[in-house]
Amino acid sequence: LAGLAPSPYCGLILQQHGADVIRVDKHTGSPKDPSGGAMGTGKKSVALNLKSKGGKETFVRLCKGADVLIDCYRPGVMEKLGLGPEVLLAENPRLIYARLTGWGQDGPLAVTAGHDINYISLTGAIAAGNNSFPANLLGDFAGGGMLCALGIMMAVYERSESGLGQVIDVAMVDGVAHLATFVYRMRAAGAWSDEVGTNVLDNGAPFYGTYLCKDGKYVAVGCIEPHFYKLLLAGLGLQDDQTMPKQMDKAKWPQLRARLASVFLSKTRDEWTKVFAPTTKYADACLSPVLGLHEVATHPHIAHRAIINKGPLTDKDIIPSPAPKFSRTPATPSPMGKGAVPRDGQNTLQVLQEAGFNQAEIETLINQGDVVQYNPKSKI
Numbered sequence: 117l118a119g120l121a122p123s124p125y126c127g128l129i130l131q132q133h134g135a136d137v138i139r140v141d142k143h144t145g146s147p148k149d150p151s152g153g154a155m156g157t158g159k160k161s162v163a164l165n166l167k168s169k170g171g172k173e174t175f176v177r178l179c180k181g182a183d184v185l186i187d188c189y190r191p192g193v194m195e196k197l198g199l200g201p202e203v204l205l206a207e208n209p210r211l212i213y214a215r216l217t218g219w220g221q222d223g224p225l226a227v228t229a230g231h232d233i234n235y236i237s238l239t240g241a242i243a244a245g246n247n248s249f250p251a252n253l254l255g256d257f258a259g260g261g262m263l264c265a266l267g268i269m270m271a272v273y274e275r276s277e278s279g280l281g282q283v284i285d286v287a288m289v290d291g292v293a294h295l296a297t298f299v300y301r302m303r304a305a306g307a308w309s310d311e312v313g314t315n316v317l318d319n320g321a322p323f324y325g326t327y328l329c330k331d332g333k334y335v336a337v338g339c340i341e342p343h344f345y346k347l348l349l350a351g352l353g354l355q356d357d358q359t360m361p362k363q364m365d366k367a368k369w370p371q372l373r374a375r376l377a378s379v380f381l382s383k384t385r386d387e388w389t390k391v392f393a394p395t396t397k398y399a400d401a402c403l404s405p406v407l408g409l410h411e412v413a414t415h416p417h418i419a420h421r422a423i424i425n426k427g428p429l430t431d432k433d434i435i436p437s438p439a440p441k442f443s444r445t446p447a448t449p450s451p452m453g454k455g456a457v458p459r460d461g462q463n464t465l466q467v468l469q470e471a472g473f474n475q476a477e478i479e480t481l482i483n484q485g486d487v488v489q490y491n492p493k494s495k496i
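Residues 117 to 496 (my numbering) are what the sequence shown spells out, left to right.
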């Protein structure tokens with residue numbers, strides 16, 4: 117079912133790894149995707165009126181031949197439409213009904229609105245990140261879309277044994293909490309403080325964070341281990357500075373941070389990157405440049421692994437390659453450029469024909485407004 121962010125990303129992962137993904141759009145048009153519909157690339161689109169009798173019957177018939185349904189609506193919406201799990205699994209017992217929401221199918225917040233920032237705040241993830249957050253990557257995409265894809269594949273594997281589908285309750289709040297397992301266990305072991313900004317991994321430690329350089333750009337430092345930290349000091353020319361505080365003397369971390377900050381301001385980001393380049397004796401100091409999105413594709417490591425694919429339209433027309441990389445059955449990069457992302461209802465006729473609908477049935481559905489086939493000449 118057409119949605120934003122997590123659900124189309126889940127479908128994108130599956131599509132890149134060989135699945136035939138059909139996006140079910142509303143007959144009146146789906147919500148505008150701020151990414152330009154980029155995660156719809158390589159998919160087909162069928163536009164249905166899920167409030168009409170014919171539209172619902174068409175949807176049920178399509179689900180009878182499907183392996184998986186990704187439901188991104190709020191809890192109870194599909195039941196109100198008469199298209200809940202009980203109905204669809206009765207028609208297709210092998211169907212995997214993945215329900216991807218922010219708060220889950222039950223609980224006090226289940227039917228309320230929310231966004232990535234709310235899911236990660238409630239699980240302690242924002243506090244663990246020193247009250248900062250990486251756009252909407254953690255909740256929407258890691259705890260939501262990617263976890264949903266993993267759940268689907270687990271259910272597919274289980275179905276090979278049982279022959280039965282099942283309902284998967286994928287809640288972004290659940291997913292983010294699970295991603296934070298390491299931090300929760302560190303806290304239980306006494307290795308993580310509730311005081312934000314005092315831990316090694318929450319920007320509390322001066323040897324794990326970012327530093328401003330002479331040109332206004334940044335470098336990232338992550339030399340936790342003592343031998344890596346020594347390489348950082350050597351590369352900065354501080355190895356013989358007897359005034360430097362000890363690495364793990366927390367009381368003097370502010371002093372140490374100030375000293376490192378002053379040194380980093382003496383060179384540009386790219387100059388520091390050369391000092392700590394892979395070919396130098398300081399390569400293991402765990403220092404890297406903080407790159408802008410416009411710089412990523414040209415970095416030597418990114419380019420070598422073909423992590424970013426450039427499209428034919430503009431310099432901004434890029435999409436990351438599928439991950440992970442398989443040795444025998446590699447994923448297929450999503451098509452790019454004009455026509456790669458289907459318009460709402462662009463493949464309605466094709467999808468219905470492939471599902472076994474005859475021409476008379478299709479014409480009746482179109483005439484009744486139960487389905488819509490996109491017409492490039494119309495204003496719809």
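From the three backbone atoms N, C-alpha and C, an ideal C-beta is built for every residue, glycine too.
Source: prediction; values computed, not measured.
Between which two residues does the alpha helix (DSSP H) harbouring Leu372 extend? Trp369 to Phe380
- Query: Do three or more CB pairs link the region 312–328 to the region 212–229 at distances below 8 Å?
  - Reply: no
Review point. Tell me which same chain residues have a C-beta within less than 8 Å of the C-beta of Ile478, skipping the five on either side of it?
Key: Leu465, Leu468, Gln469 and Val487
Work out the CA separation of Met288 and Gly181 for me, nearest whole Å. 28 Å
Next item on the list: Quick one: which unbroken beta strand (DSSP E) runs of 3-plus residues sit fully inside the region 308–358? Chain order, please.
Entry: 324–328 and 334–338
Check: According to the neighbour-count rule (16 or more other Cβ atoms, all chains shown, within 10 Å of its Cβ), is Gln475 buried or exposed?
Finding: exposed
ask   = Around the Cβ of Lys495, are there at least 16 other Cβ atoms within 10 angstroms (buried) or fewer (exposed)?
value = In this predicted model, Lys495 has a pLDDT of only 45, less than 50, meaning its place in the structure is not dependable; the value taken from the coordinates is given anyway. Exposed: under 16 other Cβ atoms inside 10 Å.
Quiz item: Whole alpha helix (DSSP H) runs in the region 145–215 with 4 or more residues, listed along the chain?
Solution: 169–180, 193–196 and 201–207
Return the first residue and the last residue of the alpha helix (DSSP H) that Leu62 is part of.
Look at the range of the chain in this structure, 117 to 496, and you will see that residue 62 is not part of it.
In whole angstroms, give me the CA-to-CA distance for Gly119 and Pro209. 25 Å
Report yes if the CB atom of Leu128 is closer than 9 Å to the CB atom of Val137, and no otherwise.
yes
message = By the DSSP assignment, the beta strand (DSSP E) with Asp141 in it spans what residues?
response = Ile138 to Lys142
Item to complete: Could you give the DSSP three-state label for Asp285: helix, strand or coil?
Response: strand
- Residue environment, Gly260, which counts as buried when at least 16 other CB atoms sit within 10 Å: buried
Q) Taking DSSP as the reference, what is the three-state secondary structure of Pro361? A) coil
What separation, rounded to the nearest whole angstrom, lies between the Cα atoms of Met262 and Gly291?
9 Å
Notebook entry, point to check: Does DSSP put Thr217 in a helix, in a strand, or in coil?
Noted result: strand
Does the contact criterion of 3 or more C-beta pairs under 8 Å hold for the region 233–252 versus the region 290–308? yes
Tell me which residues share the same chain as Ile418 and place their Cβ nearer than 7 Å to its Cβ, disregarding the 5 neighbours each side in the sequence. Val412 and Ile424
* To do: Just list the beta strand (DSSP E) runs in the region 391–467, keeping only unbroken ones of 3 residues or longer that don't cross its boundaries, in chain order.
  => 403–405, 424–426 and 434–436
### Query
DSSP on Val488, reduced to helix/strand/coil?
strand
Exposure label - Thr430; buried when at least 16 CB within 10 Å: exposed
key: Inter-residue spacing [alpha-carbon to alpha-carbon] between Tyr189 and Val227   = 10 Å
| task | Write down the C-beta distance between Tyr213 and Leu204 rounded to the nearest angstrom, noting that I regard them as a contact closer than 8 Å. | result | 6 Å
Practice prompt. Could you have a look at Ile496 and say whether DSSP puts it in helix, strand or coil?
Written response: Any reading at Ile496 must be qualified, since the residue scores a pLDDT of 39, below 50, and its modelled position is unreliable; the value itself is stated next. Correct three-state label for Ile496: coil.
Worksheet entry | Span of the alpha helix (DSSP H), counted from its first residue to its last, around Pro250 | Looking at the DSSP string, Pro250 is not in any alpha helix (DSSP H), and its letter there is neither H nor E.
- Message: Can you check which of these residues, Leu347, Leu295, Pro122 and Val391, is closest to Gly218 by C-alpha distance?
- Response: Pro122
_My assumption, with CB atoms under 8 Å, is that Ser161 sits in contact with Asp460. Please give the rounded CB distance._
6 Å
Item to complete: Ignore the nearest five residues each way along the sequence and tell me which others in Ala135's own chain have a CB closer than 7 Å to its CB.
Response: none
One question on the structure: do Met364 and Arg375 come within less than 9 Å of each other, judged by their Cβ atoms? no
Consult DSSP for Val227 and reduce its assignment to one of helix, strand or coil.
coil
Using a Cβ-Cβ cutoff of less than 7 Å, which residues in the same chain neighbour Val457 once the five nearest sequence positions on both sides are dropped? Gly153, Ala154, Gly156 and Thr157
- Task: For Phe257, I'd like the list of residues in its chain whose CB is within less than 6 Å of its CB, leaving aside the five on either flank, ordered along the chain.
- Result: Tyr125
**Asked** Between which two residues does the alpha helix (DSSP H) carrying Asp232 extend?
**Response** Asp232 to Leu238
Does the Cβ-Cβ distance between Ile435 and Pro449 come in under 9 Å?
yes
- Task: Select from His420, Asp183 and Leu164 the residue whose C-alpha is nearest the C-alpha of Ser276.
- Result: Asp183
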